[in-house]
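Under mature numbering (1 follows the signal peptide of the UniProt record, and there is no 0), the letters of the sequence shown match residues -22 to -1, 1 to 274, in that order. No residue lacks a Cβ here, since even glycine has one placed at the ideal position from N, Cα and C. Everything on this sheet refers to the single structure shown next.
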Amino acid sequence: MISASFIQVFFLAFTLFSYTTALDISVPSSPVSGVPTTVSWTSVDDSDPAMFDLRFVVDNEDVGLAIANVDIGDKDNTSGTVNVTFPDAGPCVLIAVTGSWPDYVQVGKSNQVAVVQPPTNSGATSTPTPTASSGHPQGTASPTSTSSPISATESRSGSILDNPIKRAVIIAVSTLAVLFLLLLTAIVAFALHRRKLKEAEDRKRWTFHQDLMVQQRDNSMTPGSSVINISRGEATPRVELDFDLEHGVDAGQEQRRELPTVPFVMRSPKGPRPKPTMQYPFVSAGNAGPDLERGG
């Protein structure tokens, strides 16, 4: 029983001793805090692990993780490089470990280096160094965020609006453009209105209107006379005149002078009513002479 426990402790100690010298970590002299530094590692023997982590050690105390899960890769791969950012200025040592924190196994150690402060115009600030008592320590650095510069478009638009002359010109041009659009709209509306009026006038001119036709005369206006109804298409009666050949005077002239004379004017469908210029007396068919009937 005692011999079995002694054998397990012996193999564990042998494993730890072999892992302690499995990797050689090399850090450049005078690295700058907050700036990535290239760290190289080299395999010392064939007992190196397949993956390891690098951690910061200050005054023999673990102060945080430098980089995790560095993969060695193939067994034939005996060296490599990684980028490490030191969080603070001062003496520091890098160690290579395997396993989870805080129960990890050290498999390599670097030389002690003196980390220096960055220049004042570097524009990068480092995070505070975490202590060993505050959970899982983290040792990453973050660059300071700078405000984005104002674009050229924004600056140009701001300068135009700040200038009163340019602002007045812009307002005047906009007003003239609006007035021009309103004037153009009014012209188009007026042209359409005139066109509709012309079409309505043409339709009215060529449309049939019964009130513009020849009206039938009332027989009561001319007693004793006959009226020809032209609108109903009646045949024109034969007129017989009583004419005296010896005296050259119509025998019915005395009778016709007593009859009232009514003007007969035909209305024109295309214009105003003309003024009466001629008068046509209506002659009774009984007063027509036999000679004119024979001649007609």
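Pick out whichever of the options has its Cα sitting closest to the Cα of residue i.
i   : options                 : result
S18 : V35, F158, M29 and D2   : D2
V93 : D66, D81 and I143       : D66
N55 : F168, P27 and P80       : P27
V85 : A164, S11, R173 and M29 : M29
S78 : G42, N89, L159 and K87  : G42
V10 : V62, D81 and V83        : V62
T76 : G68, I45, S57 and V147  : I45
Using the three-state DSSP reduction, which class does residue i fall into: helix, strand or coil?
i    : result
V48  : strand
P69  : strand
A92  : strand
P9   : coil
A74  : strand
D2   : strand
T122 : Here the model assigns T122 a pLDDT of 45, short of 50, so the residue's position is not dependable, and the following value carries that caveat. In the structure shown, T122 sits in coil (DSSP, three-state: anything other than H, G, I, E or B).
Buried or exposed: where does residue i fall if 16 or more other Cβ atoms within 10 Å of its Cβ makes it buried?
i    : result
P97  : exposed
P121 : Below a pLDDT of 50, predicted positions are generally treated as unreliable, and P121, at 45, falls in that range; no measurement from the model is reported.
A178 : exposed
I149 : exposed
V261 : Residue confidence is low: V261 scores 47 on pLDDT, short of 50, so the model does not pin down where it sits. Its coordinate-derived value is still stated next. V261 comes out buried.
S21  : buried
S152 : exposed
I128 : Its pLDDT being 46, under 50, I128 is placed unreliably by the model, and the measurement read from it follows with that caveat. With fewer than 16 Cβ atoms within 10 Å of its Cβ, I128 is classed as exposed.
S7   : exposed
D31  : buried
I165 : exposed
V147 : exposed
V156 : exposed
Along the chain, where does the alpha helix (DSSP H) containing residue i start, and where does it finish?
i    : result
V156 : P142 to R183
With respect to the beta strand (DSSP E) encompassing residue i, which residues constitute its N-terminal and C-terminal limits?
i   : result
P14 : P14 to S21
N61 : S57 to T63
D31 : M29 to V36
Would a check of beta-carbon distances place residue i closer than 9 Å to chain C?
i    : result
F168 : Looking at the structure shown, chain C is missing, and only one protein chain is on hand.
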